Amino acid sequence: MSITELPVPANSADVEAVVPQALRRAEDWLKQTDSESSRKETRATEQLADMVRDPEGVRFTMEFVDRVARPEDNKVAAASLRSLGEIPDFLGPANKAMMGLGALASRALPGVVMPVARARMRQLVGHLVLDAEGDALNKLLDKAAEQGTQLNLNLLGEAVLGEKEAKARTERTRQLIRNPRVTYVSVKASSLCAQLNHWDYEGSVARLKDRLRPLYQEAKARSSKVFINLDMEEYHDLHLTIRLFTELISEEEFTDLEAGIVLQAYLPDTLAALEELTEFALRRRAAGGAPIKVRLVKGANLSMERVAAESHGWKQAPYRTKDEVDANYLRLLDYVLQPEYADAIRIGVASHNLYTLALAWELAAARGVERQLDAEMLQGMAPAQSRAVRKVFGDLILYTPVVHAEDFDVAISYLVRRLEENSEKQNFLYSLFAPEVEGPDHLTPMGSQEQRFRRAVAERWTTFAGERRTQNRLEESGTQAPKIGRFVNEPDTDPAMAANRRWALEALRRGAEPIQAPEITDPAEVDGAVARAAELADPWGRLTGRERAEVLYRIADSLAEARGELLATMTHEARKTIDQCDPEISEAIDFASFYGHSAAALDDYAGVFTPHKVTVVVPPWNFPVAIPVGGMLSALAAGSAVIIKPAPQVVRCSEVAVAAIRRGLEAAGQDPNLVQLLRTDEGAAGKALISHDQVDQVILTGASDTAALFRSWNPRMAISAETSGKNSIIVTPSADPDLAVADLYQSAFKHSGQKCSAASLVILVGPQGRSQRFLGQLVDAVETLQVGHGTDVSTTMNGLIEPPSEKLRRGLTQLEPGETWLVKPRQLDEEGLLWSPGIRDNVKPGSWYHTHECFGPVLGIMHADTLEEAVEWQNSTGFGLTGGIHSLDDDEIEYWMEHVEVGNAYVNRGITGAIVQRQPFGGWKNSVVGPGAKAGGPNYVAQFGTWSDPETPLLARNVSVSPAVVALLDQFDDLSEADRAWLWRAAELDAVAWREEFGVQHDPTGLVSEANIFRYRRLLEPLRLRVGKGYALRDVVRLLLASAVTGVALDVSAPSELADELRRAGAEVRVASDDAYARGIARASSARVRTLGEVDPGLYVAAAESQSVVLDHPVVADGRRELLPFLLEQAVSVTMHRFGIPNQVGHIER
């Protein structure tokens, strides 16, 4: 918004006019000492000052409350106390001594020491978060009343994850309102209603009004009415909260009730919001209603707003600099402190910045609207200055968090925000507590604050006002990710934007078009489509990778433009909710862009890549857009023509996606028939397509049984399959229970648990399994889920795609011995598509539910004694797709990261929703069939073809090679000079590949709030090498070199005559006949077998039986390709913040 469009008042020059008086008044407040300050207050203020100045002060306090005060189990808390490290000086000698002694005694007497330690911590922060118990609170309220101070009580409690806790919090708030001493209460919308759905804007407003209305009625019923203040939280709640407030107090029974709302100056949207509220207040007063109040704050959720923006790819909603926030705050005061508004809208100036408070007072006095002002400050912060302000304003309101003793640990999020903002040098309180010493700019801390104040005055009407986020799905076209020469994820749709909500509702109303493609039952039609694909593949495959990349980028634009149609189709045909569909569409767009970059990278390898000609993609129904699009575009990027066989349940989703891809191909000047959709039956035509002799590659996402069926038709089939999973989250006693429950129920039940990555199990360690708080929160959250159809915007857990399979029905209805239902699932409709979610407790290791994927809305709980046992159970399902841990103990996290056997590992976050490049997706063990490269990762496209050495000799590289490698090369000195030279080039390329790719961890996204580590782990067992007739000794040695570099053993076997030959050449080899070797592979599970020469066809049959893979491609010198079979890819995603504050986790070095 330009300066000419802003509502600059005619008397705005008043602000500049009162600046000198404001500065003098602020100086007077700063100089005043309050002789009535108690020694306790003085000590508390000095300790707070010491803490914010101490570089370790805030971190230590946060860690102590998090890891020592929070755990319910005394032994766990005691172990954390002993591991806290050096105790910072701000605690003072007495507290340091007490803490040191407590740490020593805690090993033997945790039950004695830890309650004392928690009580002492409550004392140390007791001036910031007060006791909500009746007698203690009443004494505090009486004292405040005697001093002419009102307390604005904000009741803290455990996270509101379910309706039971929401109702309990509402009732506790009601009890506060009924207390005759209470005059002022703040409430948050998120504490009144659980699981607010930001897509269901109208439904959320209605729910919140129903929950808030009784509180207003209670406040009005009091003879001395209680003032209710509606707090503002995150940006996505801004307009929702304003609407809730204005509509509710406009109801006839509340027209004479004065109530208030908070606005946050760190949002540039706030000026327009204040204008809206001012106009509302004027209309309300003109109609005979009571005035309203707006409490102006700077904003206390900046850290989490940064996290939300970074993780979704959105612009940060708040201002980026404090200078802008300060200027906006003064602008808001300049706008609203006016005689014509004074009797309609009261303003709470909520700040500890004495310059801001002084300006507000002097401006109000100059304009004759002192009655319009309230001074508001935070309980426990700078009490002497608070009293000085009260003497001028006449009264004072202190924002006062209160918490019951048993809930003290939940105050951590409030403390984190308060301590973090006060530890920043630009903050006024930091300067207030700092020594008055000149810095490099020749200004003292308070001198710097005065300069900031003057700058805010000067820039108040030139600082930007308006929405920083302007995403509008109704108007945009093409991809929205910035084009900066490297891959950037496509932003999800922001439901906070009204235009986006209208766009989504229009998609729901539009519905899905009928299926267009006829079902194909004749194998001859399949032959024609495959022949057409093979014909188009040659010219497409001859393009360079960079040329194909440009085409993929056009396809990304086409998919982005089809977002609305895709959303409409997915919600109706796949029955998914909007919040599940929209990120999936972003993922599909990401695949187009990312695989474009992957195609370009093919040109830079040391080897020569020849793409497969024809690829068949067989996707699942549960991700009806992202997975089929990812499969099609990865093959296209490699240079292959593609035929997709859509899942029969979601044919129309594939049709819409394919149409978008074909439009992109045409726009790039390519034949759209490079991608064909064949809706074959599940009989002869389907089998003909999958097993066609001109099909070079099959990409499958589906059940393990499906992969086995396909390979039974053609055991030599080149297949890349992501199959099943039995995924679990470990929760230790050191976890934050609120966050753990939130991530767990969403990972288990979003999309009704119909995700291969869904959390099917939670493994509770030790006393966590006995925590009634944790189990109660989990049950509450699960029972609150709103089950319904994806087309209903109020649904939070959609139904099943089809009636339960036999396995799922067993999981939903039958318990194993020793198990009990914590929440028993119920069938909610005749068709069997809608089921309420279920939780089964006491699942035993090795039981049916522990080892079988059910693929539906049921979660099992296991109880392990130790973390080691929990990891063993997590690894023993036979699968290895996703897994997680919730713990705030760095040692526990480090142990888990070293021992978990999954392809996608998650720390202190949910285990679903992998994002392209951030968390490349794919599993280990029985969760994968094929080479094992992860979708959305750096090696995925490069596996869809064959590699060979270039015709020109490889150049020598001046790199270090290990002595073990040199010894191997010397061991086989009978090889020809040409072979030895080639092996040296291979060894050099191995060293480069290990140094740059395989031996290091990668995090190309570099997010502050989340570490997304892509790394390579050694195979869990030796790589099997089967040698057959026609092998080359050079190739055997080359694989031995790879074994030496990776540290993975090579199990070399051959028939007896070839084994003797290899032994004479110096190789270690075991003898196994073809039949015996095949029997061994058939008994193995998901083994990798590398072959050289001609091997017996029975090996392929055996591998198909055991979900093993036979890697029979030519051996190449390029280590970037030849080391891959020795390694497993793993993506580890770690939350690196606490409530938005960056935090070191699990000893991860970044």
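Residues 1 to 1150, numbered by UniProt numbering, are exactly what the sequence shown covers, in order. C-beta atoms are modelled at their ideal positions from N, C-alpha and C, and glycine is treated no differently. The model shown is predicted, which means the values in this text are computed figures rather than measured ones.
So which of the options has the shortest CA-CA distance to residue i?
i: GLY788; options: GLY832, VAL823 and HIS850; result: GLY832
i: ASP1075; options: GLY1119, ARG1026 and GLY1030; result: ARG1026
i: ALA942; options: THR610, ALA685, ALA870 and THR1091; result: THR610
i: PRO523; options: GLY57, ALA685 and ALA1078; result: ALA685
i: VAL15; options: ARG1121, ALA366, THR732 and SER847; result: ALA366
i: GLY936; options: ALA599, SER80 and LEU678; result: ALA599
i: TYR355; options: GLN372, ASP1035, GLY368 and ALA327; result: ALA327
i: GLU901; options: ARG1079, PHE749 and LEU1127; result: LEU1127
i: THR946; options: VAL608, THR1135 and LEU969; result: VAL608
i: GLY134; options: GLN264, ALA496, VAL402 and HIS899; result: VAL402
i: LEU357; options: GLY447, ARG25 and GLY466; result: ARG25
Between which two residues does the alpha helix (DSSP H) holding residue i run?
i: TRP821; result: It is not in any alpha helix (DSSP H) - TRP821 instead sits in the beta strand (DSSP E) that spans 820-823.
i: MET897; result: 890-899
i: residue 1161; result: What the structure shows of the chain is the stretch from 1 to 1150, and residue 1161 is not part of that stretch, so it cannot be assessed.
i: TYR1077; result: 1074-1083
i: SER760; result: It is not in any alpha helix (DSSP H) - SER760 instead sits in the beta strand (DSSP E) that spans 759-765.
i: ASP557; result: 545-561
i: ASN138; result: 134-146
Mind checking whether residue i and residue j have CB atoms under 7 Å apart?
i: THR795; j: THR577; result: yes
i: ALA721; j: VAL929; result: yes
i: ASP582; j: ASP492; result: yes
i: PHE927; j: PHE879; result: In the sequence on display, residue 927 carries Ser and not Phe. Yes, these two residues count as a Cβ contact at 7 Å.
i: VAL656; j: LEU559; result: no
i: GLU977; j: VAL959; result: no
i: PRO318; j: LEU267; result: yes
i: SER724; j: SER704; result: yes
i: PRO963; j: ASP73; result: no
i: ALA592; j: ALA638; result: no
i: THR882; j: ILE861; result: no
Between which two residues does the beta strand (DSSP E) harbouring residue i extend?
i: TYR399; result: 396-403
i: ALA1103; result: It is not in any beta strand (DSSP E) - ALA1103 instead sits in the alpha helix (DSSP H) that spans 1098-1105.
i: GLU1010; result: 1010-1018
i: MET862; result: 858-864
i: TYR906; result: 904-907
i: LYS293; result: 292-297
i: THR946; result: 945-948
i: ALA350; result: 345-350
i: GLY883; result: 882-886
i: ASP326; result: Looking at the DSSP string, ASP326 is not in any beta strand (DSSP E); the run it does join, the alpha helix (DSSP H), is 322-336.
i: ASN95; result: Per DSSP, ASN95 belongs to no beta strand (DSSP E); it is in the alpha helix (DSSP H), 92-106.
Around the C-beta of residue i, are 16 or more other C-beta atoms found within 10 angstroms, so that it is buried, or is it exposed?
i: ARG1063; result: exposed
i: HIS442; result: exposed
i: ALA549; result: buried
i: GLN694; result: exposed
i: SER35; result: With a pLDDT of 49 at SER35, under the threshold of 50, the predicted position of this residue should be treated as unreliable, and no value is reported.
i: LYS188; result: buried
i: ASP990; result: buried
i: ARG575; result: buried
i: GLU853; result: buried
i: PRO383; result: buried
i: HIS863; result: buried
i: LEU101; result: exposed
i: VAL526; result: buried
Please list the segments of the alpha helix (DSSP H) lying wholly inside the segment 449-527, counting only runs of 4 or more residues, in order along the chain. 498-510
Mind listing, in chain order, the continuous beta strand (DSSP E) runs of no fewer than 3 residues lying wholly within the segment 669-714? 675-677 and 697-701
Secondary structure, beta strand (DSSP E): runs of 3+ residues fully inside the segment 710-746: 719-722 and 727-731
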